[in-house]
Amino acid sequence: MKFPIYLCVLELFASILLAQEKQIDFNSEKNIKKFADYLFCDKDYLRAAEEYQKLNGYEGNDTIIFKTGLSYLFIGDYSTSIDNFSNISSLSPFYENSKLERMKAQFLMNDYFGMRSFYNNNFPEDDSLSDRANRLFTFSYLITEDRLPQKEKFLLPFNSIEKEKISSFYDWKNDPPYKSSALAGILSAIVPGSGKIYTGDISDGIFSFLVTGVFTFLAYDNFRAGHDTRAWIFTGLAAFFYGGNVYGSIAAAQIYNAKITFEFNKGLNVFLESNNYFVPVYEFCN
Amino acid sequence: MIKIVLIIISLFTITAIAQTDWVKWGKAEISYEKKDLIRHKDYSYHDISISGLAVKTLANAYWFFVSDLDGDNCPFSPTCSSFLLQSVKETNIVQGTLMFFDRFTRDYNFIERYNRYPRVEDGHYYDPISLYTLNVKKINYIPPSTVVKQ
Amino acid sequence: MNFVTKIQHITFILVIPFFLLWAQDSFKEQFQLAKNFYAKENYFDAITELKRLLFFDNEEKYLFEANDLVGQCYKQGGKFSDAIRYFTLAEINAKYPERIYKEKIEIVRVNILRRTTQSAFRILNSLETDNRFKDKIDDINYWRGWAYIFSDDWENAAATFAKIDSAYQLQKLTEKVNNELYSVGFAKAISYIIPGAGQIYTGEYLSGFISLGWNVLWGYYTVKAFAADRIFDGVMIANFLFLRFYRGNLQNAENFAEEKNLEISNEALRYLQNEYDGLKP
Chain A
169 MKFPIYLCVL ELFASILLAQ EKQIDFNSEK NIKKFADYLF CDKDYLRAAE
219 EYQKLNGYEG NDTIIFKTGL SYLFIGDYST SIDNFSNISS LSPFYENSKL
269 ERMKAQFLMN DYFGMRSFYN NNFPEDDSLS DRANRLFTFS YLITEDRLPQ
319 KEKFLLPFNS IEKEKISSFY DWKNDPPYKS SALAGILSAI VPGSGKIYTG
369 DISDGIFSFL VTGVFTFLAY DNFRAGHDTR AWIFTGLAAF FYGGNVYGSI
419 AAAQIYNAKI TFEFNKGLNV FLESNNYFVP VYEFCN
Chain B
8 MIKIVLIIIS LFTITAIAQT DWVKWGKAEI SYEKKDLIRH KDYSYHDISI
58 SGLAVKTLAN AYWFFVSDLD GDNCPFSPTC SSFLLQSVKE TNIVQGTLMF
108 FDRFTRDYNF IERYNRYPRV EDGHYYDPIS LYTLNVKKIN YIPPSTVVKQ
Chain C
43 MNFVTKIQHI TFILVIPFFL LWAQDSFKEQ FQLAKNFYAK ENYFDAITEL
93 KRLLFFDNEE KYLFEANDLV GQCYKQGGKF SDAIRYFTLA EINAKYPERI
143 YKEKIEIVRV NILRRTTQSA FRILNSLETD NRFKDKIDDI NYWRGWAYIF
193 SDDWENAAAT FAKIDSAYQL QKLTEKVNNE LYSVGFAKAI SYIIPGAGQI
243 YTGEYLSGFI SLGWNVLWGY YTVKAFAADR IFDGVMIANF LFLRFYRGNL
293 QNAENFAEEK NLEISNEALR YLQNEYDGLK P
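Protein chains in written order, with our numbering: chain A, 169 to 454; chain B, 8 to 157; chain C, 43 to 323.
Here's what the structure looks like:
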């Protein structure tokens, strides 16, 4: 009997086929992209971005650069995100969106000035997304301390649903309902604690009045009874409590202002987030 | 049943895991030891001006003989005496004293503190001097119901 | 052809496919790559490679091992919730009881480490009543002992380790700590009777004596004021001075005892972490 060569060849062939199932090139272009897309949709953005950057065709592929930019934007690495968005060529279908995303990134890193000049230089009137960009541009004035434009002009880019909210933001920013620290100080100088009641710290105001009052009374009572040393100690304490009360009322007005500014900014953020910074939502994962 | 569990878990994983990995991380030093949350006072004299020296000595004496012995009476962090020390250091002796008396007055006010101050980890109310130096830029407002890590 | 060559041929034909399969299993290589990252403490990249493996592993051959290793990576990075989530995934995909047990114990260990010992106890209790794990009772008790240590219950820890023959070292250590600990209740109780006594019991002599001094002083003035019918003064001194220091004395007795206990238990925990060479959470 001869050695069954044909059997051997057949078997080799079969086992190569079999082995192929176990054989996969994890680092082929196709598989890296597949894996990166999966990571992107799994919201594992840092890993996704790094996988995308491994691809050889990375620099020429706008979809991938755009998704890398988005990944960095989502994880809060705004400057890398901007680098990616600015690499997208003007011929790409993602060009318009990348400009918008870039503005969003600048906005999120509080670079309002840079964002505005980018808008002025890159969004001509006929740009398809210029109205969205204009909204973000205009909105930024509610955050900075720069002078607000005229109200009519300010509301122009926004649609009728947004207008109502934006209008109230505008009014607040135009004339914030701050409390005057000078007035708070003066009020407390006249009636201890009244400045704090004016700034809304009612219980603090009452306690200021009581503490200053009690020590003044103790000073008076001891003078009347002829206990001079004790009387002077209480006078000193009363004076310090009085001074502290005037000082504290000024501080309280400042804190009140900081507090309402904080709440206003929080309101702005909630509004912006619910509108996704006026940037469209993409459907890469459906 | 297992499938449902799997789906629930994977839903969970997507959001929570992804956020863990949004920054690179490495090996963590995990200590078996328990954290010490008891407040310790800093008796040391480093980094102190001449007017501060007197105040610090007084404060140290007060801490040693009184405040370490009369219990935890201050609801705030920093404590009233630390508040005085820090404000004198940050401003000057006159302004620091005024800040201290204001703080002392607020210390009496026990009404709804939880609605007015954030807390630190050990449960005390966070009331830093930066709010009271009259320098608006230094005011960093933190809403109540937040827990501040120090 | 003789018999020997026949055998040779058959062996050759049989060996070829195995050889090919073995040589070309890139999944195995991928898993090895992840393991190498893990060994180099590069946990983030290890997870990336494991996720890649899991993503392409359509036959689900690595579902258990890869998820388990992802869990280990997160644990090393101190990301305990993520670790537990992946250990749970591994457990769901475990095919034999031995593996299920392993993952349950991994979850217990993470819970011990992050001091959520209630969950650890719950899992250990359910393992104990599980018939499949009847022979594991020593191991279950071993981890229960650790859970007691991390919930600061050194007495029960000692009692639990006493049930296992091989945990003699841990039993001695936990017993020693338990004996050294100060009784917080006792410190407070004696301070109720003699102010400062609790502080002295915990070794804070100076603080104890000054506290006693203050209490005697203001107690004396309080009594004196009441005796002289100066009721207002008496109430004021009692309320703002005497009671303040008395209350402070009780608080201090408690605080000192707790602080000393913390020192004692932390010293033991340091030893366990750095010197003890048995299995640890």
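A virtual CB, placed ideally from N, CA and C, is assigned to each residue, including glycine.
- Listed as beta-bridge partners of Phe-83/B by DSSP are Tyr-132/B.
- For Ser-168/C, the closest alpha carbon among the candidates Lys-146/C, Thr-159/C, Arg-157/C is that of Lys-146/C.
- Listed along chain C, the residues sitting closer than 7 Å to Thr-27/B by beta-carbon distance are Lys-121, Asp-124.
- Within the DSSP secondary-structure output, Arg-126/B pairs in a beta bridge with Tyr-132/B, Val-154/B.
- Residues of the region 84 to 106 of chain C with a C-beta less than 8 Å from any C-beta of chain B: Asn-84, Tyr-85, Phe-86, Ile-89, listed in chain order.
- From the listed residues Gly-320/C, Ala-88/C, Gln-72/C, Ile-134/C, the smallest Cα separation to Tyr-210/C is found for Gly-320/C.
- Within the region 232 to 257 of chain C, the residues whose Cβ lies closer than 8 Å to any Cβ of chain B are, in chain order, Ser-249, Ile-252, Ser-253, Trp-256.
- Cβ contact annotation for Leu-166/C (same chain, cutoff 8 Å, sequence separation greater than five): Val-150, Ile-182, Trp-185, Arg-186, Ala-189, in chain order.
- For Ala-352/A, same chain residues with a beta-carbon under 8 Å away, outside a window of 5 residues either side, are Gly-363, Lys-364, Tyr-366, Thr-367, Ser-417, Ile-418, Ala-420, Ala-421 in chain order.
- Taking 8 Å as the CB threshold, Asp-251/A stays off the interface with chain B.
- Leaving aside the five residues that flank Ser-56/B on each side, the residues in its chain whose CB is nearer than 8 Å to its CB run, in chain order, Lys-96.
- Boundaries of the alpha helix (DSSP H) harbouring Cys-209/A: 197 to 209, taken from the DSSP string.
- Residue ranges of uninterrupted alpha helix (DSSP H) with 4 or more members, entirely inside the region 113 to 164 of chain C and ordered along the chain, are 122 to 134, 139 to 155.
- Under the Cβ criterion (8 Å, minimum of three pairs), the region 66 to 80 of chain C does not count as touching the region 437 to 450 of chain A.
- Shortest Cα-Cα distance from Pro-261/A to any of Phe-194/A, Ile-232/A, Asp-396/A, Thr-248/A involves Ile-232/A.
- Neighbours of Gln-72/C in chain A, taken as residues at a C-beta separation under 8 Å, are given in chain order as Phe-194.
- A Cβ-Cβ contact shorter than 8 Å links Val-154/B with Pro-125/B.
- Listed along the chain, the chain C residues whose CB falls inside 8 Å of the CB of Asp-75/B are Ser-249, Asn-294.
- For secondary structure counted as the beta strand (DSSP E) over 3 or more consecutive residues, the region 227 to 285 of chain A holds no complete run.
- Boundaries for Ser-74/B: no alpha helix (DSSP H) harbours it, and the DSSP string shows neither H nor E there.
- Under a 10 Å Cβ-count criterion, Pro-150/B is classified as exposed, with fewer than 16 other Cβ atoms of the shown protein chains found around its own Cβ.
- Counting along the chain, no alpha helix (DSSP H) covers Phe-117/B, and no H or E run does either.
- Residues of chain A with a Cβ closer than 8 Å to the Cβ of Ile-118/B are, in chain order, Ser-371.
- From the beta-carbon of Gln-118/C, the residues of chain B found nearer than 8 Å are Lys-34, Ala-35.
- The straight-line gap separating the alpha-carbon atoms of Leu-76/B and Gly-261/C is approximately 15 Å.
- In the three-state reduction of the DSSP assignment, Gln-293/C falls in the helix class.
- Closest by C-alpha distance to Asn-278/A, out of Asp-299/A, Ser-247/A, Ser-254/A, Ile-243/A, is Ser-247/A.
- Counting of Cβ neighbours within 10 angstroms places Lys-319/A among the exposed residues, the total staying below 16.
- One finds nothing in chain A with a Cβ atom closer than 9 Å to the Cβ of Ser-161/C; even the nearest lies about 27 Å away.
- Listed along chain A, no residue sits closer than 8 Å to Ser-208/C by beta-carbon distance, the nearest being about 42 Å off.
- Within the same chain, and ignoring the five residues on either side of Val-379/A in sequence, the residues whose Cβ sits closer than 6 Å to its Cβ are Phe-409.
- Between Asn-294/C and Gly-78/B, the C-beta gap is smaller than 8 Å, which places the two residues in contact.
- Pairing Lys-178/C with Ile-45/B, the inter-Cα distance amounts to about 41 Å.
- Of the candidates Phe-122/C, Leu-131/C, Ala-132/C, Lys-137/C, the residue whose Cα lies closest to the Cα of Thr-158/C is Phe-122/C.
- Chain-order list of chain A residues neighbouring Ser-68/C: Lys-190, Gln-191, Ile-192, Asp-193, Phe-194, by C-beta distance under 9 Å.
- Leu-436/A: member of the alpha helix (DSSP H) spanning 396 to 442, first to last residue.
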